[in-house]
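Chains as they are written, first to last, in our numbering: chain A, 17 to 432; chain B, 39 to 468. Yeah, the Cβ is synthetic: ideal placement off N, Cα and C, and Gly gets one too. On a predicted model such as this, the values are computed, not experimentally measured, just so you know.
In structure tokens, the structure reads:
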């Protein structure tokens, strides 16, 4: 059970304080309610590019990093399709340095032309490093476009194409900042070796006078239920054929999300999981196979991906995957398998809770979902999943009409 | 503007150089067979990590790929349990059992909830004493390891990582050698069995356990591991091999004609942790490329935008070390990136770092160590480093002292001694 205090400043900033005196450190976590799903389809990748610009100096503080490093702090940030999150860890005595830095960049950035010019290049190199210069690096551009027709999950956080990043203008940066980066759209979590009453005063001092801003109410169209099987073939210069399959699953707050999460454990969690045992070890059709989902806030994708053993035909490999799913839909899982998935989940949650940084991250995330207290209900939600839930849910989602299949062929692969 | 808050002036801070930093003390135990165990009881969650280190890295193999294959296949079958049964037992209790093979050591690492340890240790004991390496498991491994290698060989960064070590240490040196497809093809079960017997069943090992530890820990370890014919670590052994570096200092390879980035590695040999310069160079390295505020990052990423990231670091080997600069830069700016790397070496040689930069580096390093010391797994990692390198906690405290007191002049002297362009091997893989 994670203890915390929650209050809201008059300007709308939600503040959560989580004391943990087993560490000498403090963390400052600021989550902004904006992600790649809030982007214009013709200017994708912007939320993430913007995250880089948050380190380019704020209105009163030209250099974000130096004072933080002087105080013994470290920081980083990440952007997803759903949100943007910034975090600092520093010795608890120097907490106020973190509040000073974060509050100033929430107040306003410096909007430096040089910073935009450099970070455009940095992000383009990031794009190349992870998505162009890698075998299979283009899979998720293609898969998302196939699986989503309406919802902005149809592009990745990095963006659809390099040119969108290349063409970002300083006016776009300013508009984006004032639309999304203000107290009413943010969640601040302070954790670690801190005292709630002192922190409350410090937070009021540094964040209290920042103008509230306007609440951003997104109107993202829900992805309509998929009604037909979707398939795509890709041929590229890669060493091995690979198979990717995705099915739409429920959103983060739905009971189905927890069931889907446990289904990924049954199919792909560990060396005794069904897909690994049947398809890598027994039938030797795949050299590796994974089953996972993305933890998305809105309806996400349950995914199976694997690389085929050289010489195995794509249709045989795919049929074997489908047979495993069919077996699950017919027979469900045993009581022991259910216990196993729950034990694994229990351990995963315990390991996550070790770090005050992860706890602060999670508190912010659950507050974004609606209430930080949801954090403490996760375990119970997993443990309430029954064998019938798994059976029924696998019947529901593993429907061919809900499936997206991408067959990735190695060019000239059949010759080897 | 609200006059009450002065946003231009940084709040007062307690400088990390004024902190007293203490390494939580690990307890040392000896099992009945003489194997040393270091334990660190720390943390509030019921989790622990059991790390068993064998001297079974690729330095000890007579045929390529044998050490890695033996390590990987440890949990793929004993005389009593199949690979599936072992995985099933580990997975059922929500545990993770990882294997890692390095140049000098090879490890088994168990992460689990403390309450399940007594169900898991019997399996660990069995893996160490009774693995049988079933022929079909060896064949599956050969096939899948080859496939993994094929995919990796399509990545310029993977190719660069293995070649730079070969250039610095030589292809026959344990740090420099790497496995090719034909090495996997030539592997046989008969190669693994004697290696397993010598380096695991009757091998030298040392154990590290951290987390919230059950009070029965040592008796459980003694029952399942202390009863095996393992040997304590031979502290007198010297882990060093002759260097056979490449003749050419600069190499450029086209791995993918359509590649849009260049994997750049610039590296040199460096002495091990016992060398008096080592800990001072850790500070110099931090200034050079060891963190976000470093010279390499500030110039090549934050000013020029040539790369998403550039880092320098000292390599974590026991016998010898190395100093590495690593980045993925745009293909069109790869030459310019190299020029700037050497330019930053030159700046460190020619001009002492400013007091402000040095102070920032000291504080950053100390803050980072302090942050590291709040988690049991990080703390035991530091102990493991000390133990495997035949060092004691005095080394940790000397390191802290050096971070607090090393001077700009000393750093400049070290830059002149080590950061010489001619001493570095340069490799670009596109």
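Name the DSSP beta bridge partners of residue i, please?
i: residue 78(B); result: 248(B)
i: residue 302(A); result: 324(A)
i: residue 105(A); result: 43(A), 90(A)
i: residue 464(B); result: 288(B), 304(B)
i: residue 247(A); result: 421(A)
i: residue 160(A); result: Beta-bridge pairing links residue 160(A) to no other residue.
i: residue 270(B); result: 243(B)
i: residue 451(A); result: For residue 451(A) there is no data in the structure shown, the boundaries of chain A being 17 and 432.
i: residue 351(B); result: 362(B)
i: residue 204(A); result: 31(A), 46(A)
i: residue 181(B); result: Its beta-bridge partners do not exist; DSSP assigns none.
Around the Cβ of residue i, are there at least 16 other Cβ atoms within 10 angstroms (buried) or fewer (exposed)?
i: residue 276(B); result: exposed
i: residue 400(A); result: exposed
i: residue 432(A); result: Any reading at residue 432(A) must be qualified, since the residue scores a pLDDT of 40, below 50, and its modelled position is unreliable; the value itself is stated next. Residue 432(A) comes out exposed.
i: residue 299(B); result: buried
i: residue 64(A); result: buried
i: residue 85(B); result: buried
i: residue 58(A); result: exposed
i: residue 273(B); result: exposed
i: residue 379(B); result: buried
i: residue 247(B); result: buried
i: residue 327(A); result: exposed
i: residue 47(B); result: exposed
i: residue 118(A); result: buried
i: residue 434(A); result: Examination of residue 434(A) is not possible in this model, given that chain A is present from 17 through 432 alone.
i: residue 295(B); result: exposed
i: residue 466(B); result: buried
i: residue 26(A); result: exposed
i: residue 72(B); result: exposed
i: residue 135(A); result: buried
i: residue 282(B); result: exposed
Answer yes or no: do residue i and residue j have a C-beta to C-beta separation smaller than 8 angstroms?
i: residue 316(A); j: residue 304(A); result: no
i: residue 93(B); j: residue 237(B); result: yes
i: residue 28(A); j: residue 200(A); result: yes
i: residue 312(A); j: residue 56(A); result: no
i: residue 51(B); j: residue 408(B); result: no
i: residue 323(B); j: residue 355(B); result: no
i: residue 297(B); j: residue 369(B); result: yes
i: residue 243(A); j: residue 417(A); result: yes
i: residue 266(A); j: residue 273(A); result: yes
i: residue 117(B); j: residue 189(B); result: no
i: residue 468(B); j: residue 256(B); result: no
i: residue 33(B); j: residue 40(A); result: Nothing about residue 33(B) can be read from this structure; chain B reaches only from 39 to 468.
i: residue 257(A); j: residue 424(A); result: yes
i: residue 225(B); j: residue 301(B); result: no
i: residue 346(B); j: residue 90(A); result: no
i: residue 311(B); j: residue 206(B); result: no
For the putative contact between residue i and residue j, defined by C-beta atoms under 8 angstroms, what is the C-beta separation to the nearest angstrom?
i: residue 375(B); j: residue 344(B); result: 5 angstroms
i: residue 438(A); j: residue 246(A); result: Because chain A here runs from 17 to 432, residue 438(A) falls outside it and cannot be looked at.
i: residue 76(B); j: residue 421(B); result: 5 angstroms
i: residue 179(A); j: residue 126(A); result: Going by Cβ atoms, the distance from residue 179(A) to residue 126(A) rounds to 26 angstroms, so no, they are not a contact pair.
i: residue 97(B); j: residue 145(B); result: Residue 97(B) to residue 145(B), Cβ: 14 angstroms. No contact.
i: residue 195(A); j: residue 152(A); result: In fact, because the Cβ distance is near 35 angstroms, the residues do not count as touching under 8 angstroms.
i: residue 406(A); j: residue 348(A); result: 6 angstroms
Original post:
If we count Cβ pairs, one from each stretch, closer than 8 angstroms, do we get three or more for the segment 174 to 189 of chain B versus the segment 124 to 135 of chain B?
Top reply: no
Original post:
Should the segment 101 to 117 of chain A be regarded as contacting the segment 182 to 201 of chain A, the criterion being three or more beta carbon pairs within less than 8 angstroms?
Top reply: no
**OP:** Pair every Cβ in the segment 187 to 196 of chain B with every Cβ in the segment 260 to 270 of chain B, then say whether three or more of these pairs are closer than 8 angstroms.
**Re:** Inter-segment contact for the segment 187 to 196 of chain B and the segment 260 to 270 of chain B is absent: fewer than three beta-carbon pairs are separated by less than 8 angstroms.
Original post:
Are the segment 381 to 395 of chain B and the segment 437 to 456 of chain B touching by the rule of at least three beta carbon pairs closer than 8 angstroms?
Top reply: yes
Subject >> Three-pair Cβ contact test at 8 angstroms for the segment 232 to 249 of chain A versus the segment 161 to 177 of chain A >> reply: yes
Original post:
Does the segment 399 to 409 of chain B come within contact of the segment 243 to 261 of chain B, defined as at least 3 CB pairs closer than 8 angstroms?
Top reply: Taking one beta carbon from each stretch, the segment 399 to 409 of chain B and the segment 243 to 261 of chain B have fewer than 3 pairs nearer than 8 angstroms; the two do not touch.
**OP:** Tell me, please, whether the segment 78 to 85 of chain A touches the segment 34 to 50 of chain A by the rule of three or more beta-carbon pairs shorter than 8 angstroms.
**Re:** no
Original post:
Looking at C-beta atoms only, is the number of pairs between the segment 217 to 236 of chain B and the segment 48 to 66 of chain B that lie closer than 8 angstroms three or more?
Top reply: These segments do not touch.
**OP:** Could you say if the segment 207 to 226 of chain A and the segment 285 to 292 of chain A meet the contact criterion of at least three C-beta pairs nearer than 8 angstroms?
**Re:** The segment 207 to 226 of chain A is not in contact with the segment 285 to 292 of chain A.
Subject >> Segment contact flag, the segment 28 to 41 of chain A with the segment 368 to 375 of chain A, C-beta cutoff 8 angstroms, min 3 pairs >> reply: yes
**OP:** Tell me, please, whether the segment 432 to 444 of chain B touches the segment 308 to 325 of chain B by the rule of three or more beta-carbon pairs shorter than 8 angstroms.
**Re:** yes
Original post:
For the 8 angstroms Cβ check, are there 3 or more pairs between the segment 128 to 135 of chain B and the segment 148 to 168 of chain B?
Top reply: yes
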